[in-house]
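Taking the numbering used here, the leading residue of the sequence shown gets 225, the next gets one more, and so forth.
Idealized CB from N, CA, C, for every residue including glycine.
Quick notes on the structure that follows.
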Amino acid sequence: MLRSPGALMAGLLLAAMPLRGGTVSSCDEPSLVAVIQAGGAVTFGCDGEITLTGAIQITNTVILDATDRDIRLSPTNSTRVFEVATNGSLTMTNLVLSGGRSGTGGGAIFNRGTVLLVSCLLTNNQAIGEDGVAGRDS
C-alpha cells in the first residue's frame with residue numbers, strides 16, 4: 225500500500241524498470257549484498273538491523289523498498305553504508321541508515337551517481353574533516 229507522494233514516486237520507478245532484484249528474506253549482510261548485486265527492485269521479507277562490515281558498492285540501478293518493514297543498515301567499522309559509482313543509481317524508501325563514518329567522503333552515502341531517498345532516516349553518520357573539507361570529493 226502506497227502511503228505518501230514519495231512512496232508513489234518510488235512505486236512508479238519500480239513499475240518502469242525491468243523486473244530483477246528480489247527479496248531479502250534474511251536480514252544479514254550476505255543476503256542484502258547478493259540481491260543488490262543483481263540490481264533492480266529489492267524488497268525485504270524480514271525486519272531488523274543489518275550489520276555491515278564494509279560499504280555496499282552500487283554500480284547499477286537499485287531500488288531498495290522497505291515499506292511496511294523495520295530495516296536499519298548499520299556499519300560495524302569506521303565505514304559508510306553505500307558508495308554509489310558514476311554509473312550507479314540508488315533509490316531507497318523507508319530505510320534507516322545509522323552509524324556511517326568516513327574521512328574521505330559522505331558518512332552514510334558517498335555519491336558519484338544518482339541517489340533518491342524517500343521517507344528515510346539518516347542518523348549518527350559522520351563525514352570527518354575540518355569544516356567538511358577533508359571529506360569532499362575533489
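Residue environment, residue i, which counts as buried when at least 16 other CB atoms sit within 10 Å
{"i": "residue 249", "result": "exposed"}
{"i": "residue 225", "result": "Low confidence applies to residue 225: its pLDDT is 44, below 50, so where it sits in the model is not reliable, and the reading given next is rough at best. So residue 225 counts as exposed."}
{"i": "residue 272", "result": "exposed"}
{"i": "residue 326", "result": "buried"}
{"i": "residue 245", "result": "buried"}
{"i": "residue 352", "result": "exposed"}
{"i": "residue 254", "result": "exposed"}
{"i": "residue 269", "result": "exposed"}
{"i": "residue 300", "result": "exposed"}
{"i": "residue 310", "result": "exposed"}
{"i": "residue 328", "result": "exposed"}
{"i": "residue 347", "result": "exposed"}
Proximity below 8 Å, CB of residue i to CB of residue j
{"i": "residue 314", "j": "residue 305", "result": "no"}
{"i": "residue 289", "j": "residue 247", "result": "no"}
{"i": "residue 264", "j": "residue 303", "result": "no"}
{"i": "residue 280", "j": "residue 257", "result": "yes"}
Beta-bridge pairing of residue i - partner residues as DSSP gives them
{"i": "residue 272", "result": "295"}
{"i": "residue 288", "result": "266, 316"}
{"i": "residue 282", "result": "308"}
{"i": "residue 245", "result": "Answer is none; residue 245 lacks a bridge partner."}
Cβ-Cβ separation, residue j to residue i (assumed contact under 8 Å), whole Å
{"i": "residue 324", "j": "residue 331", "result": "5 Å"}
{"i": "residue 252", "j": "residue 282", "result": "That pair is no contact at about 19 Å."}
{"i": "residue 320", "j": "residue 345", "result": "5 Å"}
{"i": "residue 312", "j": "residue 284", "result": "6 Å"}
Write down every uninterrupted run of the beta strand (DSSP E) in the region 294-353 whose length is 3 residues or greater and which is fully enclosed by it, in chain order.
-> 295-299, 306-308, 313-317, 320-322, 333-335, 338-342, 345-347
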